[in-house]
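Each remark here refers to the structure printed beneath this line.
2 protein chains.
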Amino acid sequence: MTIKEVCEQFDITPDTLRYYERVGVIPEVNRTKGGIRDYTEEDIKWVENAVCMRSAGVPVEMLIEYVKLFQEGDGTIKARRDLLVEARVEVQAQLDKYQSTMDRLNYKISRYEEAIKTGVLTWDNCESKKN
Amino acid sequence: MTIKEVCEQFDITPDTLRYYERVGVIPEVNRTKGGIRDYTEEDIKWVENAVCMRSAGVPVEMLIEYVKLFQEGDGTIKARRDLLVEARVEVQAQLDKYQSTMDRLNYKISRYEEAIKTGVLTWDNCESKKN
DNA sequence: ATACTACTTGGAGTTAACTCCAAGTCAATA
DNA sequence: TATTGACTTGGAGTTAACTCCAAGTAGTAT
Numbered sequence: 004m005t006i007k008e009v010c011e012q013f014d015i016t017p018d019t020l021r022y023y024e025r026v027g028v029i030p031e032v033n034r035t036k037g038g039i040r041d042y043t044e045e046d047i048k049w050v051e052n053a054v055c056m057r058s059a060g061v062p063v064e065m066l067i068e069y070v071k072l073f074q075e076g077d078g079t080i081k082a083r084r085d086l087l088v089e090a091r092v093e094v095q096a097q098l099d100k101y102q103s104t105m106d107r108l109n110y111k112i113s114r115y116e117e118a119i120k121t122g123v124l125t126w127d128n129c130e131s132k133k134n
Numbered sequence: 004m005t006i007k008e009v010c011e012q013f014d015i016t017p018d019t020l021r022y023y024e025r026v027g028v029i030p031e032v033n034r035t036k037g038g039i040r041d042y043t044e045e046d047i048k049w050v051e052n053a054v055c056m057r058s059a060g061v062p063v064e065m066l067i068e069y070v071k072l073f074q075e076g077d078g079t080i081k082a083r084r085d086l087l088v089e090a091r092v093e094v095q096a097q098l099d100k101y102q103s104t105m106d107r108l109n110y111k112i113s114r115y116e117e118a119i120k121t122g123v124l125t126w127d128n129c130e131s132k133k134n
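Read top to bottom, the protein sequences are chains A and B.
Numbering of the first sequence is given in my numbering, commencing with residue 4 and proceeding in unit increments.
Numbering of the second sequence is given in my numbering, commencing with residue 4 and proceeding in unit increments.
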């Protein structure tokens, strides 16, 4: 699979994909004799993982560390588990923040909808209410 | 309330708070005769809102736009509602990504826990499994 | 064989959101 | 009054994560 195809599949740019490989967010990718990247299923799984983790803000640094441990073999199982648990803590914390922001947005929007519908501003200052 | 106290309450730095005011993420803050910031309840509500929105990745640009509309008065109710709805779409999309990353992390961690517990690597390559 | 296109590399540039800094001011204490 | 310490400003610097670029090469269509 070419770099272009992989990019379309995950909606990222070739530059990003090459960057991920360069810094070690994914292991080195399979190449043709000519040196052109030819992604295997395995390579693509790594890309999928990286894209997913990055989309939730897991730092590039952490992904690099994980790949490094993975390549060192079975002796790093516990270390990898710990790294993932650490990542999970961060992701969960962010998730909670997003949820509370959603709650706030929903509240504010409902107040605005109400004002628009009734044509009356039913609050002194939307911003100064607890929500 | 002093800048220091507000910072402690929201766990941010004075520099960040001054930056928010400077670029317009929050309206201009109340001052003492000497020119020192003295946050009112109203000011603090704005800070609370900004911190919450920023923690969910709502861009500074959008918050600035919102404050600007707010200061223009009641004629901008619909525009403000639209802005908030736009923000909500983004936040929800991010929330979904975080959730699917959590699912992936939970799956991977459980595989690792299993391997650690049994002492047996029950998969060829943790990364190459669908999850 | 000759274009043409898509790929390759290392390195420089960009962006958003802070974060730090130097120089100056003010209120309270010694 | 002199010093201290926290505050003020505008502007420069930093950081993470890309994103772009110039120069070169490989595979494909004419």
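All C-beta atoms, glycine included, are put in the ideal place defined by N, C-alpha and C.
A quick note: this is a predicted structure, and the numbers were derived from the prediction, not measured.
Within 7 Å, strictly: CB atoms of residue i and residue j
i	j	result
A/PRO30	A/VAL70	yes
A/ASP46	A/VAL32	yes
B/LEU108	A/LEU87	yes
B/ARG84	A/TYR110	no
A/THR35	B/CYS55	no
B/ILE67	B/VAL123	no
B/LYS100	A/SER58	yes
Same chain only: Cβ atoms within 7 Å of residue i, ignoring 5 sequence neighbours per side
i	result
A/LYS81	none
A/ASN134	Per-residue confidence for A/ASN134 stands at a pLDDT of 34, beneath the threshold of 50, marking its modelled position as unreliable; no derived number is given.
Same chain, Cβ closer than 8 Å to residue i, five either side skipped, listed in chain order
i	result
A/GLU93	GLY60, VAL61
A/GLU89	MET65
A/VAL26	VAL63, ILE67
Partners in chain B for residue i, counting only beta-carbon separations shorter than 8 Å
i	result
A/LEU66	Chain B residues near A/LEU66: none, gap ~12 Å exceeds 8 Å.
A/GLU116	ARG84
A/ARG91	MET105, LEU108, ASN109, ILE112
Same chain only: Cβ atoms within 6 Å of residue i, ignoring 5 sequence neighbours per side
i	result
B/MET4	TYR42
A/VAL63	VAL28
Contacts that residue i makes with chain A (C-beta to C-beta distance below 7 Å)
i	result
B/VAL94	TYR101, THR104, MET105, LEU108
B/ILE80	TYR115, ALA118, ILE119
B/GLN74	Correct list: empty, because the minimum Cβ distance to chain A is about 11 Å.
B/GLN97	TYR101
Partner residues on chain B for residue i, Cβ-Cβ distance less than 9 Å
i	result
A/LEU20	Result: empty, since nearest Cβ-Cβ is about 17 Å, beyond 9 Å.
Chain-ordered neighbours of residue i on chain A, where CB pairs are closer than 8 Å
i	result
B/VAL88	ILE112
B/ASP77	LEU124
Proximal chain A residues relative to residue i, where beta-carbon distance stays under 9 Å
i	result
B/ALA53	Under the 9 Å cutoff, chain A gives no residues; its nearest Cβ is about 10 Å from B/ALA53.
B/MET56	THR104, ARG107, LEU108
Any contact of the stretch 47 to 55 of chain B with the stretch 10 to 17 of chain B, i.e. 3+ C-beta pairs under 8 Å?
yes
On the three-pair Cβ rule with 8 Å, is the stretch 64 to 79 of chain B touching the stretch 91 to 105 of chain A?
no
Just to confirm the assignment: which complete beta strand (DSSP E) runs, minimum length 3, are found wholly within the stretch 14 to 67 of chain B?
none
Taking the runs of the alpha helix (DSSP H) that are 4 residues or longer, which of them lie wholly in the stretch 72 to 129 of chain B?
Within the stretch 72 to 129 of chain B, complete alpha helix (DSSP H) segments of at least 4 residues are found at 80 to 121, given in chain order.
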